[in-house]
Every structure is written in C-alpha cells, then in structure tokens.
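Going by our numbering, the residue at position 89 of the sequence shown is 90; the numbering climbs one at a time, nothing skipped.
All residues carry an ideal CB built from backbone N, CA and C; glycine is no exception.
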Amino acid sequence: MLKPHGQLIISVPNIGHCYGRLKIGFGLFDYDRRGIFDSGHLRFFTQLSFKRMVASAGYQVVDQRGVGLPLSVFERGASNEESNFVSALSNFLKSIFVISSNTAINLWSSHFSYQMVFVLSRSEYLEPNIMKIESRYKIP
Numbered sequence: 002m003l004k005p006h007g008q009l010i011i012s013v014p015n016i017g018h019c020y021g022r023l024k025i026g027f028g029l030f031d032y033d034r035r036g037i038f039d040s041g042h043l044r045f046f047t048q049l050s051f052k053r054m055v056a057s058a059g060y061q062v063v064d065q066r067g068v069g070l071p072l073s074v075f076e077r078g079a080s081n082e083e084s085n086f087v088s089a090l091s092n093f094l095k096s097i098f099v100i101s102s103n104t105a106i107n108l109w110s111s112h113f114s115y116q117m118v119f120v121l122s123r124s125e126y127l128e129p130n131i132m133k134i135e136s137r138y139k140i141p
C-alpha cells in the first residue's frame with residue numbers, strides 16, 4: 002500500500018542492547034512486562050538482522066537512529082518538602098544520563114541503542130534527496 006517514493010518509519014527494540022546481551026549471557030532470557038523483552042514482541046532484532054529482513058522484502062534502509070533507555074526512572078514523585086531538592090537532583094542526573102547515553106549510542110550504536118528507528122524506502126524508488134530523520138521528525 003506504500004505509494005511510489007513513499008517511505009516507512011519503523012521503530013524496533015534492539016535485542017543487541019547491552020542489557021539484552023547481559024540478560025541472555027547470564028541465562029536469564031524471559032519475557033518482561035515492558036521494554037526489550039516485552040511479552041507482546043513477536044520477533045527480536047539486532048540492527049543487522051532487521052536490515053537483512055527488510056532487504057529481503059525489497060526495502061532499503063535510508064536512515065537510522067538509535068534511541069537510548071527510557072528515562073521514566075527519573076520521574077518518580079517526591080514529598081512537598083523534598084520536591085525542590087529531589088527535582089534538581091533528578092534533572093541533574095537525567096542530564097548526565099542523557100549525555101552519556103547519546104555519546105555511547107554515537108560510539109557503538111548496535112550495543113547502546115535501546116530502540117532503533119529506521120526510515121525505509123522501496124529499493125527501486127531511491128532518489129538522491131532522501132529525507133533524513135533529524136530533518137523532518139523529532140525523536141526524543
């Protein structure tokens with residue numbers, strides 16, 4: 002149903018993330034309620050296995066981007082008297098974590114991308130002016 006020159010944006014969890022590698026390496030493979038091992042996920046992908054699958058379906062990866070760990074751990078509630086201090090500390094830790102996570106993703110995307118976002122195009126319709134993720138779509 003994709004129109005000629007249309008593109009798909011697909012987000013998949015990265016089983017190759019260091020968390021997944023450690024969990025499997027220690028023999029703890031099991032489904033979770035959320036995250037990479039969410040029980041609703043039907044398939045698991047690394048960057049390479051995803052690219053192979055889409056190529057076999059006649060698509061080509063035009064652009065990709067790794068996304069770091071979800072930051073909900075920093076958004077816990079605090080009591081009123083603690084809220085200013087806890088909020089400031091939380092914001093500081095969140096900033097450090099985001100900078101570290103983005104640096105790690107830039108250095109070794111296949112191991113530190115918790116989620117992978119791909120822009121795909123049909124192989125026969127590739128053009129020189131292909132859209133890039135950063136230029137048109139904001140990804141947190």
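Item: Which residue or residues does DSSP assign as beta-bridge partners of Gln116?; Value: Pro14 and Val68
Item: By the three-class DSSP mapping on this structure, what secondary structure does Arg53 have?; Value: helix
Item: What's the C-alpha gap between Lys4 and Ser122?; Value: 10 angstroms
Item: With DSSP as the reference, identify every bridge partner of Ser122, one or two as the case may be.; Value: Gln8 and Gln61
Item: Using 10 angstroms around the beta-carbon of Phe27, count the other beta-carbons present and answer buried if the total reaches 16, otherwise exposed.; Value: exposed
Item: Can you give the beta carbon distance from His18 to Phe113, rounded, assuming they're within the 8 angstroms contact cut?; Value: 7 angstroms
Item: Between the stretch 34-41 and the stretch 6-23, are three or more C-beta pairs nearer than 8 angstroms?; Value: yes
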